[in-house]
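Notes to accompany the following structure.
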Amino acid sequence: MVATIRLTTAQALIKFLNQQYLSVDGKEHPFVEGIFHIYGHGNVLGIGEALEEDAGHLKTFMGKNEQGMAHAAIAFSKQSLRKKIYALSSSAGPGSANMITAAGTALANQIPVLFLPADTFATRQPDPVLQQIEQESSIAISTNDAFKAVSRYWDRVQRPEQLMSALIRAFEVMTNPATMGPATICLPQDVEGEAYDYPVEFFQKRVHYINRTVPTKREMEGSVERIKNSRQPVIVVGGGCKYSEAREELIHISERHDIPLVETHAGKSTVEWQFKNNLGGLGILGTSAANKVVKEADLIIGIGTRYTDFTTSSKTLFNLEKSQFLNINISRMQAYKLDAFQVVGDAKATLKELAPLLEGYKANYGTQLEELKREWLDERTRLANVQFKRKDFVPEIDGHFSQETLNEYANVLQTELTQTEVFVALNESLNEDAIVVSAAGSLPGDMQRLWNPVVPNTYHLEYGYSCMGYEIAGALGARLAEPDKEVYAFVGDGSFLMLHSELVTAIQYNKKINIILFDNSGFGCINNLQMGNGCANQGTEFRTAAGTILNIDYAKVAEGYGAKTYKISNLDELRLAIEDAKKQPNSTLIEIKVLPKTMSDGYEGSWWNVGLSEVSKQESINKAFQNKQEAMKQAKGY
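Per the UniProt record's numbering, the very first residue in the sequence shown carries number 1; after that it's consecutive.
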């Protein structure tokens, strides 16, 4: 007779989460670290009761915004190299809907997170219940059906016994490197409290093994042939390299065979910037060194990359008349991109197998890599010393403000600081092992180009979805993953206004984070896009109806929450604030007023394909559209 234990669905869920383990390279540890929750109807009497009764080893945190707490969970998993996760519990209706944006963020970045949104009644007897939507087409549809588009696995548990198959399938997906991403299990509020006699063996310790997939003989032979036949290969270091922990293998192959490394946002800090062949980020936000070497390459070796438009400059960065592609990826779908020779395998394991087979090969670069890197570092030094002038100051970006408008910003914000000089000063002032977190706006460009990580896995940028509002919640998640390191959220004023609720969570639970807030009174990145493509400047600056620039005291906002705050007007004050913030036991916010149009701009190969009006009364827009048509002739159509 099978031994059973009578539990509610919610109690069984929590008991199961406590028994999930992950084994990587022979090292075993619990996979589920804890659970974030915001209680409401639909989960407080189900999952809430189960956690109160017996949470086991699970850490619990009360979030302040469902999207925010979910972004914290994503950042925790990302910083943990996808080896640990948090689960997320929300109330039915809008509480669940608030997490959909975060689920999209997790899916785009291929980050495992377990979403547990409460749902309407499985019995349908009280329908329509509070916050339930109704569709004429089907009474079975609820808010949570929207998770289907942004989940790697989706299920709805309508009977207690369905929980078993749903959880096993969800964890298979979340622990498979080829399918990693968010899993959503919707929990009708009546089912959460219903009891069932669960088999005891369902709650026994379950170990999920991550095996390092090795390519076939055919794939290895094809890779060796293509590399040895190339004269100027380039390795694109994607996020898969970081999650695979392939740093040593990348350095070995690059150094031994003189193959340059260029980085995606997700791959940056897999290998520290000091490594001689690391030329930095490529693409729209890339360095001049990386983009130049990629444009001349005859073989692009993409390792663990999705080849997003920012990485490929909308597929115009490569010299398609001479370049071939060799893709190494754990995902067969990703390996197929750009009509590449496909190698399906783990980055670290594949490079280990590849290394001895390349013996005797050397790329034909001579001193070019050293010269390109030196040229870029000189350019970085120049950007670090760009200072505002009230006369004859010409910003570097395309579509800049007039001198009069820039002077107006300087007067209202009471600053003459440029964004690039602040960035480099920060890079020089933070601890080498500090973790920097960012996500959207103009900051990713300066981070990709100007930030030089000295310690691996200290650069944390969410750019798979470029989700504004991720930054502060992400810093909390990174801090939970790295409790002994200082963590900094680099956030623009636009993103801060969208979502900063988890600063309160960080203060509540004494999980110190530091917020570096760049305030240029507007959505500066989109203003650049707007003006750089011939459009008028409208709808992207923070101005009153009377036309006055807003000067918001963000430090006062954070101070009201209980954070230690600083207001910066020059670099000396910035350096002093950074040093003082390191000594603080509590969360901090450093408010820096920076002038718009003082971020770095694109270098060779930095074109971006965006939707433009084909017909316009404005000649500037017609010209921009013509330029787009010319650029698209270089793009590869698949």
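Note that beta-carbon positions come from the ideal geometry of N, C-alpha and C, so glycine has one too.
If I'm right that residue i touches residue j with Cβ under 8 angstroms, what's the distance once you round it to whole angstroms?
i, j, result
"residue 289", "residue 376", "4 angstroms"
"residue 213", "residue 345", "5 angstroms"
"residue 16", "residue 203", "6 angstroms"
"residue 304", "residue 267", "7 angstroms"
"residue 355", "residue 253", "6 angstroms"
"residue 639", "residue 235", "Outside the displayed span of the chain (1 to 638) sits residue 639, for which this structure offers no information."
"residue 551", "residue 413", "6 angstroms"
"residue 37", "residue 62", "6 angstroms"
"residue 189", "residue 41", "7 angstroms"
"residue 611", "residue 313", "Wrong, their Cβ atoms sit about 16 angstroms apart, outside the cutoff."
Who does residue i pair with in a DSSP beta bridge?
i, result
"residue 112", "In DSSP, residue 112 forms no bridge with anything."
"residue 186", "156"
"residue 567", "591"
"residue 89", "37, 116"
"residue 659", "Because residue 659 is not part of the residues shown, which for the chain are 1 to 638, the question remains open."
"residue 30", "21"
"residue 5", "198"
"residue 61", "36"
"residue 243", "Answer is none; residue 243 lacks a bridge partner."
"residue 489", "437, 515"
"residue 343", "328"
"residue 459", "436"
"residue 286", "According to DSSP, which records beta bridges pairwise, residue 286 is partnered with nothing at all."
"residue 100", "Residue 100 is not bridged to any residue."
Could you tell me if residue i is buried or exposed, where buried requires 16 or more neighbouring beta carbons within 10 angstroms of its beta carbon?
i, result
"residue 418", "buried"
"residue 209", "exposed"
"residue 152", "buried"
"residue 624", "buried"
"residue 315", "buried"
"residue 440", "buried"
"residue 385", "exposed"
"residue 219", "buried"
"residue 95", "buried"
"residue 185", "buried"
"residue 130", "exposed"
"residue 599", "buried"
"residue 56", "exposed"
"residue 238", "buried"
"residue 584", "exposed"
"residue 448", "buried"
Just tell me which of the options has its CA closest to the CA of residue i.
i, options, result
"residue 544", "560, 561, 526, 521", "521"
"residue 466", "533, 525, 235, 485", "525"
"residue 406", "595, 56, 308", "595"
"residue 410", "388, 394, 357, 431", "388"
"residue 608", "241, 283, 225", "283"
"residue 73", "92, 364, 34", "34"
"residue 92", "474, 76, 121", "121"
"residue 161", "217, 193, 532", "193"
"residue 459", "449, 435, 472", "435"
"residue 102", "426, 471, 538, 635", "471"
"residue 81", "582, 477, 218, 552", "477"
"residue 328", "321, 311, 300", "300"
"residue 233", "31, 482, 298", "298"
"residue 400", "373, 530, 325, 501", "530"
"residue 264", "222, 294, 307, 296", "307"
"residue 339", "325, 276, 351", "325"
"residue 19", "141, 201, 137, 173", "201"
"residue 114", "143, 14, 124, 191", "14"
"residue 107", "432, 462, 311", "462"
"residue 395", "118, 163, 123, 602", "602"
Excluding the 5 residues flanking residue i on each side, which residues of the same chain have their C-beta closer than 8 angstroms to its C-beta?
i, result
"residue 568", "417, 574, 577, 590, 591, 592, 593"
"residue 422", "518, 571, 574, 592, 594"
"residue 84", "22, 29, 30, 31, 32, 33, 76, 77, 481"
"residue 498", "468, 469"
Within a Cβ cutoff of 7 angstroms, which residues of the same chain sit near residue i, ignoring the five residues on either side of it in sequence?
i, result
"residue 331", "178"
"residue 110", "180, 181"
"residue 507", "561, 562, 563, 586, 587"
"residue 534", "618, 620, 621, 623, 624"
"residue 631", "316, 607"
"residue 134", "128"
"residue 613", "621, 625"
"residue 87", "17, 32, 35, 114, 116"
In chain order, what residues of the same chain lie with their CB nearer than 6 angstroms to the CB of residue i, ignoring the 5 residues before and after it?
i, result
"residue 479", "487, 511, 513"
"residue 516", "488, 490, 590"
"residue 493", "519"
"residue 532", "398, 399"
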